[in-house]
Amino acid sequence: MNAFVVGADRLGNIPDALQSFGIRITHHVSGRDATHQRHTADLPRGTQMLILFTDFVGHNVMRRFRALARERGIPMVACRRSATCLVQSLSALLNKSKNSQCASCPLKSA
Numbered sequence: 000m001n002a003f004v005v006g007a008d009r010l011g012n013i014p015d016a017l018q019s020f021g022i023r024i025t026h027h028v029s030g031r032d033a034t035h036q037r038h039t040a041d042l043p044r045g046t047q048m049l050i051l052f053t054d055f056v057g058h059n060v061m062r063r064f065r066a067l068a069r070e071r072g073i074p075m076v077a078c079r080r081s082a083t084c085l086v087q088s089l090s091a092l093l094n095k096s097k098n099s100q101c102a103s104c105p106l107k108s109a
């Protein structure tokens with residue numbers, strides 16, 4: 000699964016944590032740039048999941064990317080920039096999806 004990550008200047012061990020779920024980061028935007036504050040870009044083609052690190056982005060940036068994910072039916076995880084927090088959020092999302100859908104269906108959007 001291809002993920003678009005918003006927030007955090009550096010990802011540290013986040014890519015390793017995502018790899019255990021079969022998720023690969025295809026794009027990363029820090030969200031701190033002044034241009035991101037005024038107008039955020041569109042989600043790149045091929046994005047299958049949106050990950051927002053809430054302690055590194057402003058409300059307007061978060062609101063814009065959440066709306067884009069909802070419009071496209073892309074699952075989204077919002078959490079602090081911590082590998083542990085991300086793993087917990089992904090586990091909750093995947094368990095919720097498994098319980099509400101058959102195994103052959105894609106993840107349900109948040």
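Using numbering that gives the first Met the number 0, you'd call the opening residue of the sequence shown number 0 and step up by one each time.
The C-beta atom is built at its ideal place from N, Cα and C for all residues, glycine as well.
C-beta contact flag for V60 and G30 at 8 Å: yes
Starting from the Cα of V4, find the closest Cα among H27, I13, N12, A82 and give me that residue. H27
Going by alpha carbons, who is nearest to R23 out of D8, L49, G6? L49
Tell me the residue span of the beta strand (DSSP E) that contains I73. Taken as a continuous stretch (DSSP letters only), I73 belongs to no beta strand (DSSP E), as it is neither H nor E.
By Cβ distance below 6 Å, which residues in the same chain neighbour C84 in space, the five residues on each side in sequence not counted? C78
Report the option in D8, F20, I13, N1 whose CA atom is closest to the CA atom of V56. D8
Do N1 and T46 have their CB atoms nearer than 8 Å? yes
Can you name, in chain order, every residue of its own chain whose Cβ lies under 6 Å from the Cβ of F52, other than the five neighbours on each side? G6, A7, R80
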